Structure formats: C-alpha cells, structure tokens
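One structure below.
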RNA sequence: GGUCUCAUAGCUCAGCUGGAUAGAGCAACAGAUUUCUAAUCUGUCGGUCACAGGUUCGAAUCCUGUUGAGAUCACCA
C-alpha cells in the first residue's frame, strides 16, 4: 500500500503546498460498515487546508482518484476518507501475488538471530509453563525465519548445580538401583520422583531439628541431607569419578525423556549449550570489568556493580570466595554465544519473573562496551497460572507436560470418534490425526494469547475444540482440501475470467493480502499471537464465504474456478500460517 | 517499603505507532443440513474499557494519582 501513501504525500504537496513525511501518514483499514478498503483520517490535514475535515477529505479523495488508476471510488464521512480499489486491482493481487508459489516467502534480510528457549533443569520433568516457553520459542524462530532472518535455535541446559545433586543423592540413598527400564518410568519423571523424595525427606529433617530447638533458618542449613547434597556438589566440581558417573547416568535418562517430549511438542534445536560447560565462564569478564572500572571489589573480596544511577541496585557479580553466581555465568555464556555465531540479534525466551535479571545482564554488557549487547532482547512471557494461583510442585498442582499432551490426544480421539469422522481411516492415520488435533488445540490455546500476558489455564475445563481454537482452523483447512479434491482442482490449469467481486470475495482477498504484513508485524514484536489471531480471522471469513458461495453448485465454470482459486489460496495461507505456530493442518478431519 | 508488569462483556481473549457506533470465542437463548464436512453458519442477550483527573479536534490506547492483582529486589538459579 506504499503507493497510496506516496500519492497522499503528492496530493498534500499539490493541494496545500506542504511537504509531509511518508511515515507520518496514517492509513487504516476501512471499518466493515463503510464502503472502501483503506481509510485516511483527514483531521491532521485540516490545519494545512484551512478547511473542514469533510472538504479536506473530498479534495484529497478527488486528487487521488484522478491520479491513481487503481482507485475506483471514494467517500468521505466526517473526517474519514474511505478509498475503494478497483476489483481489477484485487484480482491482480490474487493472481500475481497470493496464488504465486513464492507468496509470503521472506527474502533473506542478511541478518542472523539466535533464539534461546526451553532451557530446562535436568532434575524434573517439563510442565505446562515449559510448554508455553517451548512453543513460543519455536514459533518465534519460525516467524523470524519467515521474515527473512537466518535463525539459530539454541537450548541452554541447566544440567548442574545443587538441585541436580538433590535428585542424585535421593536416588543413591533410596533408589535401589531403579532405572527407567526397571520401573517403566520415563527418565525425566524418574529423576523428578527422586527430587520430590529429597524435598520431602529434607523437610522432615528440618522439622525434627526445629523440634530439637533450632531455628528454621539454622535447621535448613544444618539438615544432614542438604549438607550431603552440598558435599556432592563439591565432589562434582572436583571431578570425583563416582559422582560424575552418577550424574552422567541420571542426566542421560533425563535427556532421553526430554527428547521424547520435545518430539511430541514438535520443537527442535540447532545447538545445545550445557551449564556444566559454561558455569565457569564469565570470570574473565569480571576481570575485564574491574580493569575498566565498571565493577568494584569490596573488602571481603566480592565483586559488585553499582547500578543505582540507572535506577537499579548494587548487584553482586562474583562471590567473596571467587565462585560464580548466576549472572556471572550468563555474562560468560552471552560472550560465548556471540563468539560462536556473531549474530545480529539474540532473543532470550524466559519468563517475566526474570525481568530484573535480564535488565541487569544487558545493562552490564552495555557498560562493558560490548557492541553486540544492543542486539540482546529478553522475550519476557507471562506465567501460566491455575485458578488456584501458581503451579506448585509441592502442592501437586503442577500440570505435567506429558500428561497434558496425552490428555489432549485422548480428548481428540473421543471427540473425533463420537462425530464419526474417521470412517475409512487406518489405525495409523487415526492416531496421527488425533495427535494433530490434540496438539493443534493445545498449541493454539497457548499461542493465541499475547506472550507478555499471563495465561490462565483451568485443568477442570478441558481445552475447547470449537470456536476460536486450533481445531476450528484445522477443520476449515480440511474442508477446503476436501472441496478442492472433489472438484479436481488443478492450480496450473485453473482459469477464471472473473472481473467483478462481491463484498465477501473482496474481503477475503483483502485479508489474504494482509498475510505478508502480518508476518512482519509478528516478527517485529516477537508475537505468535498476531499470527494466530490473523489466521482465525481468515478462517472465519473463508467459512462465511464457504457457506454463502456453494462451489460445486456454481452457475458457471468460470465462477466455480474462481471460487476454487480463492479456496486454494485460503488453504495455503492457513497452512503456512499454522506452520509458523508449529501446528499441523490435516487434509481430512 | 523500592522497582516493574497487568486491569476491556458472567468466563477466556482481540483491539497496530491515539481516530468512526469497543470486537471475537465460550456460556445462555432462538434458528439453519433433500445442496461442497454442523468441530459449521445466522440471529438475540451481554460494556461506566478498575476509579479519578489531565493532554488532544478526538483517549480503551498517552501522562499523573488512587485502588486491586502479580512479579522482583539473595554471596539461589
């Protein structure tokens, strides 16, 4: 629509002898109740024209109609100039752009972006919160790729630390050699089981010590189990063979479990980083910061940065004993990642509970003079809450990722079978379909909401399959495919001489035409929700068209072919858009 | 207490850098299938955009304050 903006610039220059910048021109979609497709708000130009908004609109409208051949009509209502494009213009869009193979295929923009997401702890299985993270990360990566970026998907695995030692210790003490094979438990769930055991036993010990007269704080430090875990961590850091072997074994189980969950989720990574390899990084950056005077050392030897001038606090960056804290590692890892890929931008998909951490992290890197720090972005998403509040593993309110997905598949199977929709499907096809629909419902449910907002999930109310949902969109797609098949639609041979559009057809083309811009918008704000809502809009408009314009019963072949072309274009955009969300669309359902 | 986020229909959410009468879905109610898949469609009901000021020709959107909810402020990660 750039040519309209240019034309408006010219119009204003000629009519009112004033230069205005193209970016200051505000075009918007015409509301449905008015004639036209694009609207220019004329209030801002009344000062230039020294006339009322209606007259200004009429003058600009007349100029545009006389000078822009694509414009067929205009009308002015109050301060709104509604512009209509000729049907030939929209038909040209359909045939030359939308139906072309390379529609909305982003041209490489020469930029490299890293998307870090998932980043699990290896001491317990994934839950619903992780699902949101994984789906967001994967989808944002897809969207950026579609927008022309070269994308590197990374996973920084938190595979060491006191929490890992807890499950290791519990397994060694109470596990009796249990393995995933012997127990039939998925590896990550097995590790999680011992993590919970540890927590329980530890709590018990604290309770006992408190009864013996210690304060709770003392008890937490003195409980034999936590001391044992800390000892284990020290041994791990010292490279003790038994400890390392145990760690490798249990982490191996967890990785196998995660791999399965990732596969079901449909997410993947180009590069894994492990904290066991990176936790010592960052100390050289501390040195660098001390030399540059960005950091300072306190008497006890600990190193700090003073961010009070930036409205933040003083922040510890290295402990008095010379060991790293979380941010030390992150400083080092950021440097490592940049060294590996030299990416222009780097997106951290991490929950908003870490807003402060990332603010500090990025600020420190900037203060250290790292040019690339300007490309860092924290994609801060809201927590997934239950009606009862936060998910808490201790209270057993965690919605387990594997359980939830299994539930979704079952619900999809029941619903589909109850509707008798799978006649003629093989067992294999049925199962594939149930998974497609189940995951479609789950993914759409999580991705349609603005990432920044917290998200409410009620386990008692299963995720809908009707209305504004993934399955609705999948159904729309399947329906189109079914008609195309029945009609024997052939994209290369299909011809239509249609020259006039009715309102619904025009609206459909206008909506299809918005797809490339929607990708740009979604990429600019890292928001799959923008794609999700767009596709729903498209599916809804298509469905209305579908109901009102019978394709097979079209009065003439020309008309039928045109409707088929519109249908094919809609199916294509639905499918591509859903793909950006990581959601498959079935041919039949 | 400091800092940061959020508040739109009974519920879950849209509403792009300020623009026309604030939109969907669910729920409720009334309809639509001799016709391409009814996981669908059409219609009805439902709003003091938390509250109060301000800026503006114009505010759900920007600013200030109030109330409410959440997060964070560890030599945890």
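In full-length UniProt numbering, the protein residues as written are 1 to 589.
Just so it is clear, CB atoms sit at the ideal spot from N, CA and C, and this is done for glycine as well.
All of these numbers come straight from a predicted model, not from anything done at the bench.
Secondary structure note for residue 565: its alpha helix (DSSP H) is the uninterrupted segment 557-580. Its chain contains 134, 138 as the residues whose beta carbon lies nearer than 6 Å to that of residue 267, once the 5 sequence neighbours on both sides are disregarded; these appear in chain order.
A contact between stretches requires three or more CB pairs, one per stretch, nearer than 8 Å, and the segment 527-546 meets this requirement with the segment 502-519. In the DSSP assignment, residue 503 falls outside any beta strand (DSSP E) and lies within the alpha helix (DSSP H) extending over 503-513. The segment 430-442 makes contact with the segment 466-477; the number of CB pairs closer than 8 Å reaches 3 or more. Residue 71 is positioned such that its CB atom lies closer than 9 Å to that of residue 84. Within the segment 67-137, the complete beta strand (DSSP E) segments at least 3 residues long are 71-77, 80-85, 112-116, listed from N- to C-terminus. Annotation for residue 356: the continuous alpha helix (DSSP H) segment containing it runs 355-367. Runs of the beta strand (DSSP E) spanning 3 or more residues and lying entirely within the segment 368-456 occur at 376-381, in chain order.
In this structure, the alpha-carbon of residue 558 lies about 7 Å from that of residue 495. Assigned with DSSP and collapsed to three states, residue 34 falls in coil, not helix or strand. The beta-carbon separation of residue 156 and residue 46, rounded to 55 Å, does not stay under the 8 Å limit for a contact. Rounded to the nearest angstrom, the gap between the Cα atoms of residue 588 and residue 420 is 13 Å. For residue 121 and residue 281, the gap between their C-alpha atoms comes out near 19 Å.
In this structure, the beta-carbon distance from residue 8 to residue 64 falls below 9 Å. Taking residue 489 as the centre and dropping the five residues before and after it, the same chain places the C-beta of 564, 568 closer than 7 Å to its C-beta, in chain order. Annotation: the continuous alpha helix (DSSP H) that includes residue 261 extends over 241-265.
Your pair residue 167 and residue 191 checks out as a contact, with CB atoms roughly 5 Å apart and the cut at 8 Å. For residue 306, the enclosing beta strand (DSSP E) covers residues 303-306. For residue 27, no alpha helix (DSSP H) run applies; the uninterrupted beta strand (DSSP E) run containing it begins and ends at 27-29, by DSSP. Taking C-beta atoms as the reference points, residue 363 and residue 310 count as a pair closer than 9 Å.
Pairing residue 89 with residue 499, the inter-Cα distance amounts to about 10 Å. Remark: three or more beta-carbon pairs, one from each stretch, lie closer than 8 Å, so the segment 261-277 and the segment 140-155 are flagged as touching. Given a length threshold of 4 residues, each whole run of the alpha helix (DSSP H) inside the segment 283-349 is given here in chain order: 283-291, 326-341. Here DSSP, grouped into helix, strand and coil, assigns residue 585 to coil. Taking C-alpha positions only, residue 205 is separated from residue 223 by approximately 6 Å. Residue pairing for residue 150: DSSP places it in a beta bridge opposite 112. Note that the segment 354-374 touches the segment 304-323; at least 3 beta-carbon pairs, one per stretch, sit closer than 8 Å. Looking at the DSSP output, residue 39 sits in a beta bridge with 28, 82. Pairing residue 451 with residue 399 gives a Cβ-Cβ distance that is not under 9 Å.
Residue state for residue 156 is assigned as strand, using DSSP reduced to three classes. Residue 195 sits in a helix when the DSSP states are folded into three classes. As the crow flies, the alpha-carbon of residue 571 is around 19 Å from that of residue 448. Assigned with DSSP and collapsed to three states, residue 45 falls in helix. Under the Cβ criterion (8 Å, minimum of three pairs), the segment 172-180 does not count as touching the segment 287-306. Assignment of residue 488 by DSSP, reduced to helix, strand and coil, places it in the coil class.
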